[in-house]
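Using this note's numbering, read the sequence shown as starting at 2 and increasing by one per residue.
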Amino acid sequence: MKTIQSKFFVLLILTGLVFNSCSDSGYNDYSTWASYGGTKDANRYSSIDQINLENVAQLKEAWVFNTGDKDTANRSEMQCNPIVIDGTLYLTSSKLKLFALDPATGKQKWVFDPNTNSTEKIGFGINRGLMYWEDEKGKDKRIFYGAASRLYAVNAADGNPVKDFGTNGSIELKEGLDIPESQDGSLILKTPGVIYKDLVIVGMSLSEDADALPGHVRAFDVRTGKRKWIFHTIPQPGEFGYDSWEDKDAWKNIGGANNWTGMSLDEERGVIYVPTGTASPDFYGGTRKGSNLFANSIIALDASTGKYIWHYQVVHHDLWDRDLPAAPNLVTVNHNGKKIDALAQITKQGYVYLLDRTNGKPVFPIPEVPVPQEEALPGEKPWPTQPIPTLPESFSRQKFGPEDVSDLSPETHKELMERYVQIKNRTQFSPPSKEGNWMFPDFGGGGEWGGAAVDMETK
2 MKTIQSKFFV
12 LLILTGLVFN
22 SCSDSGYNDY
32 STWASYGGTK
42 DANRYSSIDQ
52 INLENVAQLK
62 EAWVFNTGDK
72 DTANRSEMQC
82 NPIVIDGTLY
92 LTSSKLKLFA
102 LDPATGKQKW
112 VFDPNTNSTE
122 KIGFGINRGL
132 MYWEDEKGKD
142 KRIFYGAASR
152 LYAVNAADGN
162 PVKDFGTNGS
172 IELKEGLDIP
182 ESQDGSLILK
192 TPGVIYKDLV
202 IVGMSLSEDA
212 DALPGHVRAF
222 DVRTGKRKWI
232 FHTIPQPGEF
242 GYDSWEDKDA
252 WKNIGGANNW
262 TGMSLDEERG
272 VIYVPTGTAS
282 PDFYGGTRKG
292 SNLFANSIIA
302 LDASTGKYIW
312 HYQVVHHDLW
322 DRDLPAAPNL
332 VTVNHNGKKI
342 DALAQITKQG
352 YVYLLDRTNG
362 KPVFPIPEVP
372 VPQEEALPGE
382 KPWPTQPIPT
392 LPESFSRQKF
402 GPEDVSDLSP
412 ETHKELMERY
422 VQIKNRTQFS
432 PPSKEGNWMF
442 PDFGGGGEWG
452 GAAVDMETK
């Protein structure tokens, strides 16, 4: 059992952090919190056990830190999952400023404001986490994070931008997407990617409309910001998956299929597992006929080169905004007397896809089930089947019946029932129609970007 000063540990529980020093080599050290979600396997697990069910009620506030952000009525969300490195707590504010704090006292060590060093104000976007890298000698230490469409490299010791990274410490992620120059659209780096050796690997959040950029995954040199590799999530001519699009110019015109949720890293194998979202636009596929690889897929890539290893598509030709909402958990399971290194991917539908992470094959049967085709919108061509897991059991309700309609008052119940009976298409894979559709769970999930946690003692 690890112990720590009481005042120091009170903050640990209040903020959900672990205060142990660590470096990039601390992968799978569950007594630290050095990466988004704790560790790069995305398991959100901590082995610290000083605080437990018996004493958690005794916790008291240790300190409060005010970020100083003004006009929070305009944007006040703080979604950042902080990290702790070498006794320093790093987090971002609602205005995308990066802070370094003493976790024992809450005293500010330094602050980096991307607006200070930018010719254009970073006036929008959300940041959900940070990435940390240090060189082999432990002298060059950097924090990487996204603010709007830029990836920043900041000196972890003093908060200054790393001038030799990109242009004065940042790179523009709208550049280098291998697309026609005329294509433009919204791009925000909300969720951090992963650091692998001397690479910073990232996805992006995009518009979900017809003007969306493609969600290609890229790796950049941590020292220079130079692009080292790119994986086209909407395949280009000659690439695997290109034939999954009936329109052979889809790679020029269709966007999305992006990794907006973060990714998992099997550092021992040198493999990243990338979950992707829907191709754009979300709810109409008449302009993107086909199964639409690599949208709505888990993609295994060589972390060093970006080379394709395998994929598994959980929704074909998505018409329901069923993005994969979180990075998959990397686990080891016992199945039929054999240990399998697997990944568990939660979904907005409430399904869990459990796959052998060495080859992408399902651990339990996942049959292709016929789904409704009728009453689709004009020009639409729904995919005839969808992969439905038999196990594990769904973690979310997937049916909504008349008994679930609110009866808060007789008047309300009557009005809602009138609407309920008007909607005929109540299966989760009924194509959108002019008559309206029932979506349950809705496109907010089910699972969402907070992800799932794994008990690494019981697995």
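The beta carbon of each residue, even a glycine, is placed where N, CA and C say it ideally should be.
Query - Integer Cβ distance of Ser150 from Ile189, believed to fall under 8 Å - result: 6 Å
Query raised in the report: Roughly how far, in whole angstroms, is the beta-carbon of Ile255 from the beta-carbon of Ile235, given that I think they are within contact range, below 8 Å?
Result: With a Cβ gap of about 6 Å, Ile255 and Ile235 count as contacting.
Report task. Alpha carbon to alpha carbon, how far is Gln237 from Trp252? Give it in angstroms, no decimals. Result -> Rounded to the nearest whole angstrom, the C-alpha separation of Trp252 and Gln237 is 6 Å.
Query raised in the report: Can you tell me whether DSSP reads Glu412 as helix, strand or coil?
Result: helix
Requested in this report: Express the C-alpha separation of Ile310 and Val332 in angstroms, rounding to a whole number.
Outcome: 19 Å
Query raised in the report: What is the DSSP secondary structure of Val316, reduced to helix, strand or coil?
Result: Here Val316 sits in coil by DSSP.
Query raised in the report: In or out: Phe365 buried (at least 16 other Cβ within 10 Å) or exposed?
Result: exposed
Query - Best match in Gly446, Ala220, Pro104 and Pro379 for proximity to Pro326 [C-alpha to C-alpha] - result: Gly446
Query - Neighbour-count burial assignment, Glu209, 16 or more Cβ in a 10 Å radius - result: buried
Query raised in the report: Do you know how far the Cα of Arg224 is from the Cα of Thr168?
Result: 12 Å
**Report entry** Opening and closing residue of the beta strand (DSSP E) in which Lys253 lies
**Finding:** No beta strand (DSSP E) contains Lys253, which is instead part of the alpha helix (DSSP H) from Ala251 to Asn254.
Report task. Tell whether a beta-carbon distance below 7 Å holds between Asp322 and Phe444. Result -> yes
Requested in this report: Measure the C-alpha to C-alpha separation of Thr413 and Asn259 and round it to an integer number of angstroms.
Outcome: C-alpha separation (whole angstroms): 40 Å.
Query raised in the report: Grouping DSSP H, G and I as helix and E and B as strand, with all else coil, what is Asp405?
Result: helix
Query raised in the report: Considering only residues of the same chain and omitting the five flanking positions on each side of Lys71, which have a CB-CB separation below 7 Å?
Result: Nothing meets the Cβ criterion.
Requested in this report: Classify Lys349 as buried or exposed, calling it buried when 16 or more other Cβ atoms lie within 10 Å of its own Cβ.
Outcome: buried
Query raised in the report: Run through DSSP, which three-state label would Gln346 get?
Result: strand
Requested in this report: Tell me whether Ala35 sits in a helix, a strand or coil according to DSSP, three-state version.
Outcome: The answer is coil: DSSP assigns Ala35 none of H, G, I, E or B.
Query raised in the report: Hey, how far is the Cα of Asp179 from the Cα of Asp222?
Result: 18 Å
Query raised in the report: Relative to the C-alpha of Ala454, which residue among Asn44, Tyr37, Gly271 and Gly263 is closest?
Result: Asn44
Requested in this report: With a cut-off of 8 Å on the beta carbons, I'd call Glu369 and Thr386 a contact; round off their distance for me.
Outcome: 4 Å
Query raised in the report: Can you tell me whether DSSP reads Ser292 as helix, strand or coil?
Result: coil
Query raised in the report: What does a CB cutoff of less than 7 Å around Pro329 pick up in its chain, not counting 5 residues either side in sequence?
Result: Answer for Pro329: Ala43, Ser265, Tyr274, Pro276, Ile299, Leu344, Ala345 and Gln346, listed in chain order.
Query raised in the report: Any idea if His336 is buried or exposed, counting beta-carbon neighbours within 10 angstroms, 16 or more meaning buried?
Result: exposed
Query raised in the report: When the Cα atoms are used, what is the spatial distance from Gly448 to Asn438?
Result: 21 Å
Query raised in the report: If you count every other CB in all the chains shown that lies within 10 Å of the CB of Pro379, and 16 or more means buried, which is it?
Result: exposed
Query raised in the report: With which residues is Arg151 paired in a DSSP beta bridge?
Result: Ala148 and Glu173
Query raised in the report: By Cβ distance, which residues of its chain are closer than 6 Å to Ala301, with the 5 residues on each side in sequence left out?
Result: Within the same chain, Ala301 has close Cβ partners Val272, Tyr274, Ile310 and Trp311.
Query raised in the report: Three-state secondary structure (DSSP) at Thr120?
Result: Confidence at Thr120 is low in this model, with a pLDDT of 48, below 50, so its placement is unreliable and the value that follows should be read with caution. Thr120 falls in the coil class under three-state DSSP.
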